[in-house]
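Novice: I have a structure I would like to understand better, so I am pasting it below and will then ask my questions one at a time.
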Amino acid sequence: AFSMLNALMRLLALQVDPFQAQFLRYFFGLLVLVPVLLYHGAKYYWPKHIGGQFARGAFHSVGLALWFIALPQIPLANMTAIGFTTPIFIMIGAYVFFREAMRWERWLATAVGFGGVMIVVGPQFSGGSGGYHLVMLASAPIFAASFLLTKALTRYETTGVILVWQAITVSLFSLPLALLHWQSLTAGQWAGFALSGLLGSAGHYCLTRSFAAADISATQSAKFLDLIWSALVGWLLFSDVPSHTTLLGGSLICAA
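Residue numbers for the sequence shown follow my numbering, beginning at 444 and rising by one.
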């Protein structure tokens with residue numbers, strides 16, 4: 444779901460201002476949840492700790508702002524490889540804040556995965572898009588903080604509450620910048636954002652359920668498979684041919 448979402452958002456971000464794209468992605472993510480809200484009632488989705496929901500939304504919005512700025516400027520496979528640093532920060536945070544067990548093989552896998560990321564992005568820093576790669580890289584620890592907050596919230600909030608309030612808070616935080624750069628959309632673009640809302644809400648629902656069911660550090664290895672999907676989709680949609688460093692680094696990441 445996230446691989447398809449990232450490809451769709453890159454396509455839309457090439458046509459629409461990144462901040463408008465960010466707002467519409469989460470606004471439509473909220474709209475697709477309206478039928479569920481109406482069915483259960485608003486009271487069912489009122490959080491036990493609203494401050495935690497807004498803190499999580501603030502972190503996620505900052506990470507998204509950096510992510511959307513860089514998204515149109517770098518290949519999809521490179522974007523995904525850089526995103527693999529997020530699980531590394533999550534694993535470290537899970538050990539520090541949640542005291543999750545981190546055996547030596549997990550630390551070794553983390554080091555190998557980080558080495559793979561550096562192989563992918565290292566050669567890019569000297570090119571014209573090097574600054575955008577750094578911006579994308581800067582979003583990783585911020586997303587990690589957001590997901591660690593999500594893990595904390597699962598202790599006393601349901602998956603549905605977290606999902607709904609993520610859509611609400613990110614939409615609210617994103618709206619001011621979106622209004623500054625607003626442009627009219629075509630019917631196809633509106634449909635694309637509607638689909639992005641569906642994919643995003645479905646992906647985050649699965650992600651949040653996994654955080655509630657297991658140690659957050661134990662869920663991160665599954666994310667490394669994204670590189671296979673993103674490289675294929677990037678080649679089909681954007682003619683992004685993965686470089687030899689992307690393939691080599693991606694192999695190390697998947698091995699980790």
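All C-beta atoms in this analysis are idealised placements derived from N, C-alpha and C, irrespective of residue type, glycine included.
Just so you know, these numbers come straight off a predicted model, no measurement behind them.
#1: Below 8 Å on the Cβ atoms is my guess for L480 versus V607; work out the distance and round it to an integer in Å.
#2: State the Cα-Cα distance for the pair M547 and A537, rounded to the nearest angstrom.
#3: Hey, I531 and F557: beta-carbon distance below 8 Å or not?
#4: Taking the alpha-carbon positions, what's the I493 to V604 distance?
#5: Which word fits R598, buried or exposed, when buried means at least 16 other C-beta atoms lie within 10 angstroms of its C-beta?
#6: Looking at the structure shown, is L457 part of a helix, part of a strand, or coil, going by DSSP?
#7: State buried or exposed for A630, treating a residue as buried only when at least 16 other CB atoms are found within 10 Å of its CB.
#8: Under a Cβ-count criterion, where at least 16 other Cβ atoms within 10 Å of its own Cβ denotes burial, should K594 be classed as buried or exposed?
#9: By how many angstroms is the C-alpha of E600 removed from the C-alpha of A674?
#10: Indicate whether L448 and G635 have their beta-carbon atoms separated by less than 8 Å.
#11: Does the Cβ-Cβ distance between T612 and G500 come in under 8 Å?
#12: Applying the criterion that 16 or more other CB atoms from any shown protein chain within 10 Å of the CB defines a buried residue, is R453 buried or exposed?
#13: Closest by CA to L457, which one among Y648, I517, I585?
#14: Go through its chain and collect everything with a Cβ distance to D669's Cβ below 6 Å, but skip five positions before and after it.
#15: Look at the Cβ atom of A450, then the Cβ atom of T529, and state whether they are nearer than 8 Å.
#16: Taking all protein chains shown into account, decide if G484 is buried (16 or more other Cβ within 10 angstroms of its Cβ) or exposed.
#17: Tell me which same chain residues have a C-beta within less than 6 Å of the C-beta of L768, skipping the five on either side of it?
#18: Take A655 and list the residues in its own chain whose beta-carbon comes closer than 7 Å to its own, dropping the five residues that flank it on each side.
#19: Whole angstroms are fine: how far does the CA of Q463 sit from the CA of L623?
#20: Using a Cβ-Cβ cutoff of less than 7 Å, which residues in the same chain neighbour S614 once the five nearest sequence positions on both sides are dropped?
#21: Buried or exposed for S504, please, with buried defined as at least 16 other CB atoms from any protein chain shown within 10 angstroms of its CB.
#22: With a floor of 4 residues, list each alpha helix (DSSP H) that falls wholly inside the stretch 586-670, ordered by position along the chain.
#23: Kindly give me the distance between the Cβ atoms of I433 and T688, rounded to whole angstroms, as I take these residues to be in contact under 8 Å.
#24: Compare the Cα-Cα distances from S589 to each of W625, F616, I533 and report the closest residue.
#25: Going by DSSP in three states, L476 sits in which element: helix, strand or coil?
#26: Which same chain residues end up closer than 8 Å to L592 when comparing Cβ atoms and leaving out the 5 residues on each side of it in sequence?
Specialist: According to the structure shown:
#1: Numbered from 1 along the sequence shown, position 37 holds the residue referred to as residue 480. Numbered from 1 along the sequence shown, position 164 holds the residue referred to as residue 607. Yes, L480 and V607 are in contact; Cβ-Cβ is about 7 Å, under 8 Å.
#2: Position 104 of the sequence shown, counted from the first residue, corresponds to residue 547. Position 94 of the sequence shown, counted from the first residue, corresponds to residue 537. Sequence check: residue 547 is Trp here, not Met. So the alpha carbons of these two residues sit roughly 15 Å apart.
#3: Taking the sequence shown and counting its residues from 1, one reaches residue 531 at position 88. Taking the sequence shown and counting its residues from 1, one reaches residue 557 at position 114. Yes, Cβ-Cβ distance for I531 and F557 is below 8 Å.
#4: One-based indexing of the sequence shown puts residue 493 at position 50. One-based indexing of the sequence shown puts residue 604 at position 161. The alpha-carbon atoms of I493 and V604 are separated by roughly 10 Å.
#5: Residue mapping note: residue 598 aligns to position 155 of the sequence shown, counting from 1. So R598 ends up on the exposed side.
#6: What you label residue 457 is simply residue 14 of the sequence shown in a count that begins at 1. It is coil, neither helix nor strand.
#7: Stepping through the sequence shown from its first residue, residue 630 is reached at position 187. So A630 ends up on the exposed side.
#8: Taking the sequence shown and counting its residues from 1, one reaches residue 594 at position 151. Buried, because 16 or more other Cβ atoms sit within 10 Å of the Cβ of K594.
#9: Start at 1 with the first residue of the sequence shown, and residue 674 comes out as number 231. Start at 1 with the first residue of the sequence shown, and residue 600 comes out as number 157. Between A674 and E600, the C-alpha separation is close to 36 Å.
#10: Start at 1 with the first residue of the sequence shown, and residue 448 comes out as number 5. Start at 1 with the first residue of the sequence shown, and residue 635 comes out as number 192. Contact flag unset, no.
#11: Sequence index remark: in the sequence shown, residue 612 carries index 169 (1-based). Sequence index remark: in the sequence shown, residue 500 carries index 57 (1-based). Their beta carbons are under 8 Å apart, which means T612 touches G500 by this criterion.
#12: Position 10 of the sequence shown, counting from 1, holds the residue named residue 453. R453 is buried by the Cβ-count criterion.
#13: If you number the sequence shown from 1, residue 457 lands on position 14. Per the Cα distances, I517.
#14: By 1-based counting over the sequence shown, the position of residue 669 is 226. S446, T523.
#15: For the purposes of this step, residue 450 is taken as residue 7 along the sequence shown, with counting starting at 1. For the purposes of this step, residue 529 is taken as residue 86 along the sequence shown, with counting starting at 1. No; because the gap between Cβ atoms is not below 8 Å, this pair is not in contact.
#16: In the sequence shown, counting from the first residue as 1, residue 484 sits at position 41. It is exposed - the Cβ of G484 has fewer than 16 other Cβ atoms within 10 Å.
#17: Outside the modelled stretch of the chain, which goes from 444 to 699, sits residue 768, for which no answer is possible.
#18: As a working mapping, residue 655 is identified with position 212 in the sequence shown. So the qualifying residues of the chain are T597, T602.
#19: Numbered from 1 along the sequence shown, position 180 holds the residue referred to as residue 623. Numbered from 1 along the sequence shown, position 20 holds the residue referred to as residue 463. C-alpha separation (whole angstroms): 9 Å.
#20: What you label residue 614 is simply residue 171 of the sequence shown in a count that begins at 1. Once the five neighbours on either side are set aside, the close Cβ partners of S614 are F466, Y469, F470, L473.
#21: Position 61 of the sequence shown holds residue 504. Answer is buried; the Cβ neighbour count reaches 16.
#22: 602-623, 630-656
#23: This structure leaves residue 433 out entirely; the chain is present only between 444 and 699.
#24: Walking along the sequence shown from the start, residue 589 turns up at place 146. If we check each option's Cα against that of S589, I533 comes out closest.
#25: One-based indexing of the sequence shown puts residue 476 at position 33. DSSP places L476 in coil when its eight states are reduced to three.
#26: In the sequence shown, counting from the first residue as 1, residue 592 sits at position 149. Closer than 8 Å at Cβ, skipping near neighbours: G495, A498, R499, F502.
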